[in-house]
Amino acid sequence: MADLVGVNGQRTDFRVVGKPNLPGKASMSLATGVAKFGIDYVLPGMLHAKFLRSPYANAKIISMDISRAKSIPGVVDIVTWEDPELKNLGGSPMGGPPSRPYLDNYADQDGMEVGCIVVAEDEDIAEDALRVILQDTQWEVYDAIVDPNKGRESNAPIVRQVRYTSFDMFSSVKPEDQKGNVNFATTVQGDVEEGFKQADHIIEYEVDLPAFCGHIPNPPSSVAWWTKEPYRDGEWLHVEGAVQRRDSVGRMYGVPDDRTIQEGIFQGGKYCDWGMRKSQEITPLLAKRSGRPVRCAQEREETFDFLMNERFIHMKIGFTNDGLITAIDDFSIADGGIQGNSSFGTANDQGYGPYYTTRCLNIRQQMEIVDTNTGKMYLSGQHCPFNWDTLTVGLHIIAEKLNKDVIDVAKLNLHGPDSQEDPRVVPSFEACIETGKKLMNWEWHKAGAKRLPDGRLHGAGFRYQICPRHAFSGYDCQLEYRGGKIHLPTQGPITGIFAVECNAMIIAEELNVEYDDVIVDYDWRNKFTPVGGGSDGTTASGWAMKECCAKLKKMILEQAVKEAENPPAGGMFSFGPPQPNPIKGYTIDELDIAPKPLAEPKPVPAPPGGMPGFGGPPGGFGGPPAPVNEPVVYVKADPSIFKALSGAVTETLVANFSGRPPAAIWSLGMGKMLDTMNTAYCEVAVDEETGVVEILRFGVVADPGKVIRPTSLESQIDQVMYFSQGCQLFEEFIYDDATGLRLNNNMIEYKKPTVMDVPRVDKHFEETRSGNAVYGASGVSHSMANTHLVICAIYNATGVWVQPPATPDKLLAALGKI
Amino acid sequence: MTITLNLNGNPTELDVKTNYTLQEALQFKLGLTGAKHMCNKGVCGSCTVIKDGRAVLSCQILAVECDGSTVETVEGIAAQPKWKPLLDAYCKWDAMQCGYCTPGFVVSAKALLDRNPTPTEDECKESLAGNICICGTYPRHAQAIMEAALAMNN
Ligand code: FES
Ligand code: FES
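If you read the sequences in order, they're chains A and B. Taking the numbering used here, I'd label the letters of the first sequence as residues 1 to 818. Taking the numbering used here, I'd label the letters of the second sequence as residues 1001 to 1154.
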């Protein structure tokens, strides 16, 4: 169990945390369209910018003549890659040096920003100018490669005609190892050959991880403008639509934090894609040059980045007669994509792959990372670690071969909490599978052995995951008490994970007030941001917030005692001697806060010369106090003695806490230590005649340690299961092999699941409190996303493997029907 | 070109470029941000508005085609107390994550309730089939709409 410090692990009763249906603090703004995303901003005098985008997958501009385009009425500015202002721009998202020039004359993906940016009075004029520029541009076009298997062949053309210094703070890949289009990453533990000798069975199989699209809901866009203030030196940069934090854009332009303003808090869905697009970075430069606000909005066609790169894996697993794995050998060919692609989709997966969750000590992972012209994955991806399901597939094959329940095979192979040699069962896993079996009416059957009443084949799949999470970030929390309310000053942002609301619930819980008594003050000047990686960041920031609450609560009670002893001077209209204070004379240890009075108030004797006691109407002259409908400070030993919080503490109080929770077991162990786990299940019906697969239902039994906000947690589980459904049944990037052009860059030909497509997701949450963050929570985050749960269920139904997406034609081919 | 709309109950005159879509006219000429630009291809439903009583995709209609029409946007719906239960139910059930698609869903939901005050779950789903939520909030919408319908019918 994680080392829970402070007050975090001790609470047993929860009044607010875990409660469903508490509305999001900004939900009404979202529902009514008032919420403004970067693309929504319109300013007087605003100009529009558009990048030239490469019509080729691999090409270099030899010459470009912008004179004709410049003469088009309404064209205000054209900035080319040779402009010194552009040359000096850039940086990596994590603050390091840029991995490639901000804009170059070389493009290694079709649709990539290249050559120049046009600024015009409106978007149509900018597009007209770009059409003219395309006519006046000469290109050198190189062979493009979109299939990593072809890219690694010895006679393959070299993809990267211009090679930039690569910068990736996470990757272990060395540029000097590059051979042709290929680089290498290898990780070895134990002795794999020896492990195979111990095996009674050896299986080999192929797993293709599908590439699929991230689809940020709001097309990335920004609007920027500069202002000066009278009597103050310098300029202020306003930028709306920058991802996560305005300071990363400010930094690009040398503008200090306190002069970089981003008032908008709505940033759309991110789903671990935190990378900035050029449309979100370029507008300050263009606004500076033109002296007017500039907007740069991406079209949907320009927003088809990878949520996950493609990978082809050849697996070899040795296991004993009872199903215990003795050796794992993973050889992967990974699509390295274009330069600047995130290594989370490639070499970085080796560090925390699924294999370390098994008792198998002999593990080899070899990867060839192939440069291609396919595209880019920004920073991370919802599905990391991407190769998780190579093990899931293996467990299903072992189960089939030994005629054993796949859950039993998984349980046999999963190591205990402390190390790969720990023989104990992880309690969280045990809890999840017990409930999961009940939830799904789980009855394992051999492949092809069960038919549904309508004649279709029935199949079931199972997978487990750890909760990969980081909690690497620290959090700077601040809370303010003002007039009976608790204010949470934050810069947001709002990205669809209800992280601010989770913090508000924790505040209400800890200070013993109602959720509605916590007021969220959004302002770009505030330091606190609960973001740091989905539910990881939410629960980790919640940990720090809980500490901050402890400080504020102490301050409130101290102040209540102080003001009871020395009543503050009354306001402008107060007269006569002060009213008696019922909590006077008590110490802070004797007092507490409650969301409402816990008992009827006791009459308080009137002070000499003061108002008489009860006898008049409630709240009126001589009457008892008006009913209190707000938090109170009360005497623990006698709750009928209390005072409304707003009256008990009139001073404004501010508490701060900076810190982060204890390190996550996951980040310490990368699978070699285990705490919170989760399991997912899938039931399919397969029509052998048509090849159509229907997901009858998904089941998810997860252990987030402690559920903070169930309504959004459930929604996020739905989300990842639908992502998973999409990539396994129908989402697919289609390229033209000859030209390297992507052919389905719109939402008609690349369609995400709709309400008519998605299946039921039955959910249950265990709460083992074994995570590292607030109340023992861990966050579930990426971990439910999968690439092969449905594929495993199809295998269980039909006995054939089909690589995702399992479209009817592929399945019929695998069944030998076409 | 100058067009006149009855927009959210108010006669509104606006000067638009002839190639402006209704979505662009609402955003760039009136600063209304409820009809969102997501796909610009008539696929996602984020830009849904109600034109002459029917839910339509404002990215697929030219503003000039709407001259003389009655147009209702999410802002107009939100301004009517009658629809508060719908919005409250959306907030209560988190029928949103990032919220970018949400106004489009709300407009589709309102159009449904206009013609069918007591929709079933399947009827809700059918009416929302043209709205894509990348965040996958789908199960929440029917729940919110049916709860709102109940509240509104009482
Ligand atoms: S933006 Fe109009 S349908 Fe997608
Ligand atoms: S809530 Fe994000 S797209 Fe629907």
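Even glycine gets a Cβ: it sits at the ideal position worked out from N, Cα and C.
So which residues on chain B does residue i lean against when the C-beta distance must stay under 8 Å?
i: A:L130; result: The premise fails here: A:L130 is roughly 16 Å from chain B at the closest Cβ pair, so nothing lies under 8 Å.
Determine the chain A residues that contact residue i at a beta-carbon separation under 8 Å, and present them in chain order.
i: B:T1137; result: S715, D718, Q719
i: B:C1091; result: P23, G24, S27, M28, A31
i: B:R1054; result: Correct list: empty, because the minimum Cβ distance to chain A is about 19 Å.
i: B:K1041; result: R300, N746, M747, I748
i: B:K1125; result: V755, M756
i: B:E1072; result: Per Cβ cutoff of 8 Å: no residues; B:E1072 is ~12 Å from chain A at best.
Count the other C-beta atoms from every protein chain shown that fall within 10 angstroms of the C-beta of residue i, then say buried if there are 16 or more, exposed otherwise.
i: B:G1009; result: exposed
i: A:G616; result: Only weak support exists for where A:G616 lies, its pLDDT of 48 falling under 50; the value from the coordinates is given anyway. Answer is exposed; the Cβ neighbour count stays below 16.
i: A:Q109; result: buried
i: A:M545; result: buried
i: A:I583; result: buried
i: A:F614; result: With a pLDDT of only 47 at A:F614, under the threshold of 50, the placement of this residue in the model should not be trusted; the figure read from the coordinates follows. A:F614 is exposed by the Cβ-count criterion.
i: A:G318; result: buried
i: A:D257; result: exposed
i: A:K27; result: Checking the sequence shown, residue 27 of chain A turns out to be Ser, not Lys. Buried, because 16 or more other Cβ atoms sit within 10 Å of the Cβ of A:S27.
i: A:P508; result: Reading the sequence as shown, one finds Ala at residue 508 of chain A and not Pro. Buried, because 16 or more other Cβ atoms sit within 10 Å of the Cβ of A:A508.
i: B:K1036; result: buried
i: A:V114; result: buried
i: A:K270; result: buried
i: A:K554; result: exposed
i: A:Y231; result: exposed
i: A:S63; result: exposed
i: A:F304; result: buried
Terminal residues of the continuous alpha helix (DSSP H) containing residue i?
i: A:F51; result: No alpha helix (DSSP H) contains A:F51, which is instead part of the beta strand (DSSP E) from 47 to 53.
i: A:I398; result: 388 to 402
i: B:C1044; result: No alpha helix (DSSP H) contains B:C1044, which DSSP labels as neither H nor E.
i: A:S667; result: 665 to 669
i: A:F196; result: 192 to 197
Quick one: list the residues of chain A neighbouring residue i, beta-carbon separation under 7 Å, in chain order.
i: B:N1019; result: D124
i: B:C1078; result: Reading off the sequence, residue 1078 of chain B comes out as Ala, not Cys. Residues of chain A passing the Cβ test: T32.
i: B:C1044; result: M747
Taking residue i as the query, report the chain B residues whose CB atoms sit under 7 Å from its CB, ordered along the chain.
i: A:M673; result: What A:M673 touches in chain B: nothing, since even the nearest Cβ is about 31 Å away.
i: A:T495; result: C1098
i: A:A35; result: G1099
i: A:G542; result: The premise fails here: A:G542 is roughly 18 Å from chain B at the closest Cβ pair, so nothing lies under 7 Å.
i: A:S823; result: A query on residue 823 of chain A cannot be resolved here, the shown segment of chain A reaching from 1 to 818 and no further.
According to DSSP, which residues form a beta bridge with residue i?
i: A:N362; result: For A:N362, which the question treats as bridged, DSSP gives no partner whatsoever.
i: A:G318; result: A:I202, A:A327
i: A:A460; result: A:E683
i: B:A1079; result: According to DSSP, B:A1079 bridges with nothing at all.
i: A:N183; result: A:I369
i: B:N1006; result: B:P1011, B:T1070
i: A:L693; result: One detail in the question is off: residue 693 of chain A reads as Val in this sequence, not Leu. DSSP lists A:V686 as partners of A:V693.
i: A:W226; result: A:L237
i: A:H782; result: DSSP lists no partner for A:H782.
i: A:W139; result: A:I61
i: A:G699; result: A:Y681, A:D762
Looking at the secondary structure, which residues open and close the beta strand (DSSP E) in which residue i lies?
i: A:Q719; result: It is not in any beta strand (DSSP E) - A:Q719 instead sits in the alpha helix (DSSP H) that spans 710 to 729.
i: A:C116; result: 113 to 120
Just to make sure I have the definition right: I need the residues of chain B whose C-beta is within less than 9 Å of the C-beta of residue i. Which are they?
i: A:S343; result: In chain order: nothing, as chain B lies at least about 25 Å away.
Cβ contact check for the stretch 400 to 413 of chain A and the stretch 224 to 237 of chain A: 3 or more pairs under 8 Å:
They do not touch, by the three-pair rule.
Does the count of Cβ pairs from the stretch 784 to 792 of chain A and the stretch 471 to 481 of chain A closer than 8 Å reach three?
Put simply, the stretch 784 to 792 of chain A does not touch the stretch 471 to 481 of chain A. Fewer than three CB pairs are less than 8 Å apart.
At a cut of 8 Å, does the stretch 512 to 523 of chain A reach the stretch 586 to 594 of chain A through at least three beta carbon pairs?
A contact exists between the stretch 512 to 523 of chain A and the stretch 586 to 594 of chain A.
Cβ pair count under 8 Å reaching 3, the stretch 732 to 740 of chain A against the stretch 1136 to 1150 of chain B:
As far as the Cβ criterion goes, the stretch 732 to 740 of chain A does not touch the stretch 1136 to 1150 of chain B, which means the pair count is below three.
Are there three or more Cβ pairs, one per stretch, closer than 8 Å when the stretch 760 to 770 of chain A is compared with the stretch 427 to 441 of chain A?
Taking a cut-off of 8 Å on C-beta distances, the stretch 760 to 770 of chain A touches the stretch 427 to 441 of chain A, as three or more cross pairs fall below it.
Is the stretch 1082 to 1094 of chain B touching the stretch 481 to 488 of chain A, taking contact as three or more C-beta pairs under 8 Å?
The stretch 1082 to 1094 of chain B, when compared against the stretch 481 to 488 of chain A, does not touch it at the 8 Å Cβ threshold.
Are the stretch 700 to 717 of chain A and the stretch 523 to 543 of chain A in contact at 8 Å, needing three or more beta carbon pairs?
Verdict: yes, contact present.
Evaluate contact between the stretch 647 to 666 of chain A and the stretch 546 to 566 of chain A, counting only Cβ atoms and requiring at least three cross-stretch pairs below 8 Å.
With three or more CB-CB distances shorter than 8 Å, the stretch 647 to 666 of chain A counts as touching the stretch 546 to 566 of chain A.
Three-pair Cβ contact test at 8 Å for the stretch 768 to 776 of chain A versus the stretch 737 to 756 of chain A:
Taking a contact to require three or more Cβ pairs closer than 8 Å, the stretch 768 to 776 of chain A and the stretch 737 to 756 of chain A do not qualify as touching.
Is the number of C-beta pairs between the stretch 123 to 130 of chain A and the stretch 282 to 292 of chain A that are closer than 8 Å three or more?
Taking 8 Å as the limit for Cβ pairs, the verdict is that the stretch 282 to 292 of chain A does not touch the stretch 123 to 130 of chain A.
Specify whether the stretch 1057 to 1065 of chain B and the stretch 1015 to 1030 of chain B touch according to this definition: at least 3 beta carbon pairs, one from each stretch, less than 8 Å apart.
Counting Cβ pairs under 8 Å, three or more are found: they touch.
Decide yes or no for the touch test of the stretch 402 to 417 of chain A against the stretch 688 to 696 of chain A: beta carbon pairs closer than 8 Å, at least 3 of them.
As far as the Cβ criterion goes, the stretch 402 to 417 of chain A does not touch the stretch 688 to 696 of chain A, which means the pair count is below three.
Kindly confirm or deny that the stretch 28 to 39 of chain A and the stretch 350 to 366 of chain A touch, where touching means at least three C-beta pairs closer than 8 Å.
Counting Cβ pairs under 8 Å, fewer than three are found: no touch.
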